[in-house]
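Protein chains: 2
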Amino acid sequence: MKIHAVDTYDIRFPTSLSLDGSDAMNPDPDYSAAYVVLRTGTEHEGHGFTFTIGRGNEVCRSAIEALTPLVIGQDISNLGAFAKRITHDSQTRWLGPEKGVIHLAAAAIINAAWDLAAKVAGKPVWQFLSDMSPDAIVDLVDWRYITDALTPAEAYEMLLEAVPGRDERTQHLLRHGYPAYTTSPGWLGYDDAKLTRLVREAVSDGYTQIKLKVGADLADDHRRFALARAVAGPGIRIAADANQRWDTAEAVEWMTALATYDPWWIEEPTSPDDVLGHADIRQALTTAGPGGGPIRVATGEHVANRVMFKQLLQANAVDFVQLDACRVGGVNENVAILLLAAKFGRPVCPHAGGVGLCELVQHLSMFDYVAVSGDLTDRTIEYVDHLHEHFVDPVIIDRAAYRAPRVPGFSARMKPESLVRYAFPEGEAWQQQP
Amino acid sequence: MKIHAVDTYDIRFPTSLSLDGSDAMNPDPDYSAAYVVLRTGTEHEGHGFTFTIGRGNEVCRSAIEALTPLVIGQDISNLGAFAKRITHDSQTRWLGPEKGVIHLAAAAIINAAWDLAAKVAGKPVWQFLSDMSPDAIVDLVDWRYITDALTPAEAYEMLLEAVPGRDERTQHLLRHGYPAYTTSPGWLGYDDAKLTRLVREAVSDGYTQIKLKVGADLADDHRRFALARAVAGPGIRIAADANQRWDTAEAVEWMTALATYDPWWIEEPTSPDDVLGHADIRQALTTAGPGGGPIRVATGEHVANRVMFKQLLQANAVDFVQLDACRVGGVNENVAILLLAAKFGRPVCPHAGGVGLCELVQHLSMFDYVAVSGDLTDRTIEYVDHLHEHFVDPVIIDRAAYRAPRVPGFSARMKPESLVRYAFPEGEAWQQQP
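From first to last, the protein sequence lines stand for chains A and B. Using the numbering used here, the first residue of the first sequence is number 37, and each one after it goes up by one. Using the numbering used here, the first residue of the second sequence is number 37, and each one after it goes up by one.
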């Protein structure tokens with residue numbers, strides 16, 4: 037199966053109008069996708085995208101187009117080689133390397149190739165991955181720069197050890213789904229009444245973890261956290277997310293001040309590039325929680341690549357690994373990150389939300405459970421109830437769990453009418469804006 | 037002085053035809069610039085660019101255009117605020133943050149604003165910067181994410197301490213220039229005869245340091261290093277540059293094997309993101325040199341931003357800081373990096389070459405000498421003898437030193453005829469390619 041043509045789209049949703057997605061660093065995002073379709077001249081197509089929050093989405097589209105010559109004519113039977121061909125190209129690699137716009141573009145294309153390959157195989161991506169042999173999984177990974185933390189041979193042994201339990205865990209997933217937590221109540225732009233109502237709904241929907249955005253104003257955070265804790269009760273985990281707002285000392289002070297509300301984790305306390313800063317923050321918060329317990333540290337949605345995740349693990353800088361389906365180099369690099377997290381014994385709790393991130397990332401966590409970590413302890417996928425209506429095969433949340441997808445592919449395909457209506461700037465949704 | 041309009045250009049030179057610039061990771065670069073002109077409606081214009089190696093240069097141009105709405109109508113009297121307005125914009129920040137294409141684009145624009153401001157002031161940028169008061173210099177920097185390593189107050193004290201020697205050092209620069217080393221002999225694509233000839237020329241031109249590309253083939257590296265050392269003699273520093281070719285263990289093995297030729301430093305031994313990997317390599321090479329001395333570690337041309345440089349310094353991972361004029365967020369972020377390097381007592385030896393990087397970066401090193409570190413010990417700027425003929429105010433090398441620029445601005449302006457001839461793909465230089 038070869039790729040004959042590549043189509044690209046600039047899709048944007050005017051979410052800034054409702055302050056959905058507003059946080060301490062991103063006051064007015066317009067959730068967007070630089071969207072790509074790989075065409076094969078057959079009935080099979082591969083759909084993929086990367087997520088942005090508005091302006092600059094066209095730059096990601098331009099980057100996808102810059103990578104197109106590396107894709108046309110390529111076969112998708114070896115997805116390890118396919119991914120490396122894209123990320124190793126010397127001229128476009130200069131623009132990263134393996135970070136920022138060019139890596140977001142690589143993610144869109146590589147994810148689209150996975151959508152295509154899984155459709156050809158007639159399986160959802162999580163199952164397509166979980167059915168691979170340990171050596172085939174090892175071959176997906178670009179091992180460059182991570183062998184000091186994990187060798188291919190070690191990864192092979194870990195994967196081999198997980199093979200006997202694969203069937204049982206697959207059955208568990210098909211019956212019970214994969215645990216979710218919800219960020220929907222916690223956006224900074226929501227007033228207290230909306231916050232309270234949404235927390236109450238989340239608890240009654242069965243969620244055992246919610247998340248609040250923090251970091252803009254400490255008095256507001258006190259009030260909001262107190263409200264959320266009062267409504268949720270003591271048994272619900274409430275995570276906090278600062279979206280990179282602080283320097284290290286400020287992160288420690290601010291979270292120590294909020295410790296009384298028993299925050300489960302602090303997410304993105306500082307720059308995603310600051311491995312040593314996260315390690316310092318984590319160390320300082322080890323006994324900051326109520327009763328001398330830890331306030332845990334999480335990051336990942338802006339962590340650029342496997343080399344950065346490797347260091348966050350090596351430096352003992354994070355309790356939770358929040359991989360993102362579209363920030364790093366697609367499925368292949370996320371397989372590397374799942375393997376690294378398993379090696380270091382850290383739970384992966386993916387970043388999701390935006391547009392389509394829930395749809396993609398559920399496949400990665402389910403693969404992790406079936407074939408890599410084999411564990412659900414403290415694992416949960418972020419869930420945000422936005423924009424799923426634009427997808428042909430949207431996520432389904434059932435009793436606070438992601439239901440295991442059954443449809444072949446990566447659940448990545450947007451409805452054709454959404455691709456028309458939200459095309460930027462020519463789509464009807466944008467022509468109607470004042 | 038306000039910016040009225042922004043023009044962008046995609047400029048590429050077909051350098052891959054001669055293998056100029058070939059190394060272990062970049063076999064066939066076409067040196068390119070995403071070039072920007074800030075227009076003011078007066079006779080003053082600001083010229084700037086970022087450097088790429090070919091494909092994807094159009095993506096950087098697209099990113100510059102995405103940032104244009106943040107620039108039009110802006111005043112350049114406060115360059116600290118000007119730079120933060122660009123790098124703090126939430127929607128485009130998502131594409132990095134502060135890394136990759138969007139940061140390369142920020143560099144082009146911010147550097148162009150410095151070119152403009154220095155022209156208005158009637159000074160070359162190095163002098164324009166060196167004439168600023170310590171508090172004005174502190175205000176240029178975005179302190180977010182670096183205060184755990186250096187506070188504005190500490191930076192102010194350092195700068196204040198350097199004020200009394202400014203005049204004397206300025207006079208020294210005007211008389212003697214700033215030391216250079218040359219990479220011209222060492223490109224991997226050159227044969228032994230060309231290597232030998234160029235090393236001999238470099239030594240006879242007065243260079244006391246040269247650099248060889250390594251990392252593609254160990255036997256070749258042995259032969260080339262032996263040749264270079266034989267021609268240069270023992271008194272010349274020969275640096276090695278692996279351009280990110282290795283994992284950490286391989287870096288240590290390879291450089292230990294080449295230790296007999298007394299390499300001065302190993303540059304980019306592994307991923308520029310791998311702070312902890314560089315620290316491990318440096319530690320392992322501490323006594324690997326002849327006589328039990330160190331093989332030093334250098335990196336920087338692909339280090340994404342001040343947060344990464346901060347950690348390289350905190351982790352004791354580098355002996356030399358190789359900042360790049362266009363990789364990070366322009367002059368402002370490079371001022372932060374110079375201050376961090378001075379705080380940690382590490383010499384800055386900038387990356388240059390490409391197209392126009394020598395022209396820009398000389399200003400930063402000269403400012404460092406006059407107003408920041410006040411020191412030339414082990415400091416030297418890379419020099420590569422390519423493509424200077426396209427600049428209106430090209431660098432001048434005089435007895436292996438950069439002569440201090442006298443012309444107002446950032447030496448950034450390309451000749452109008454070059455902007456026409458090398459415009460991609462429509463320029464004559466590209467239309468004539470087979």
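Think of the CB as a built atom: it goes at the ideal place given N, C-alpha and C, for glycine as much as any other residue. In this text the structure is predicted, and so the values were computed from the model without any measurement.
8 Å contact criterion, which residue i and residue j should meet: CB distance rounded
i      : j      : result
I89/A  : D56/A  : The Cβ separation is near 11 Å, so there is no contact.
V420/B : G389/B : 4 Å
K38/A  : L186/A : Not really, about 33 Å apart at Cβ, beyond 8 Å.
F427/B : M450/B : 6 Å
L359/B : V391/B : That pair is no contact at about 18 Å.
K346/B : I182/B : 5 Å
D178/B : N368/B : 7 Å
Straight-line Cα distance separating residue j from residue i
i      : j      : result
V107/B : A60/A  : 24 Å
A229/A : A407/A : 43 Å
G213/A : E462/A : 39 Å
F446/A : I432/A : 14 Å
L321/A : T244/A : 23 Å
I373/A : D203/B : 53 Å
P386/B : I47/B  : 23 Å
A198/A : G116/A : 21 Å
D253/A : P105/B : 29 Å
A275/B : R332/B : 9 Å
T413/A : A377/A : 13 Å
G365/B : W150/B : 12 Å
R265/A : A324/A : 18 Å
T506/A : D64/A  : Past the boundaries of the shown model lies residue 506/A; chain A is included only from 37 to 470, so the question cannot be answered.
Q280/A : Y226/A : 20 Å
A295/B : Y438/A : 56 Å
Test: residue i CB closer than 9 Å to a CB of chain A
i      : result
D310/B : yes
I302/B : no
H387/B : no
I108/B : no
V177/B : no
S98/B  : yes
E462/B : no
E94/B  : yes
T76/B  : no
Residue i vs residue j beta-carbon contact at 9 Å
i      : j      : result
N147/B : L396/B : yes
G84/A  : T76/A  : no
E418/A : A216/A : yes
N341/A : E134/A : yes
I246/B : R205/B : no
L393/A : F49/A  : no
R180/B : S307/A : yes
I317/B : V357/B : no
V72/A  : A144/A : yes
W130/A : N62/B  : yes
Y192/A : D167/A : no
V250/B : W290/B : yes
A334/B : D355/B : yes
DSSP beta-bridge partners of residue i
i      : result
R47/A  : Looking at the sequence itself, residue 47/A is Ile, so the reference to Arg does not match. In the DSSP output, where bridge partners are listed per residue, I47/A has A69/A and A459/A.
L53/B  : Answer by DSSP bridge pairing: none, since L53/B is not bridged.
R273/B : Q245/B
T86/A  : A70/A
I302/A : A276/A and V333/A
G222/A : L248/A
P215/B : A437/B
D125/B : According to DSSP, D125/B bridges with nothing at all.
E453/A : DSSP, once it has assigned bridges, lists no residue as partnering E453/A.
Contact with chain B by residue i, beta-carbon distance below 9 Å
i      : result
R23/A  : Outside the shown range of chain A (37 to 470) lies residue 23/A, about which nothing can therefore be said.
Y217/A : no
S401/A : no
T306/A : yes
H338/A : yes
Y181/A : yes
R91/A  : yes
*Could you run through the segment 127-140 of chain B and flag, in chain order, every residue whose CB is less than 9 Å away from some CB of chain E?*
As a matter of chain content, chain E is missing from the structure shown, whose protein chains are A and B.
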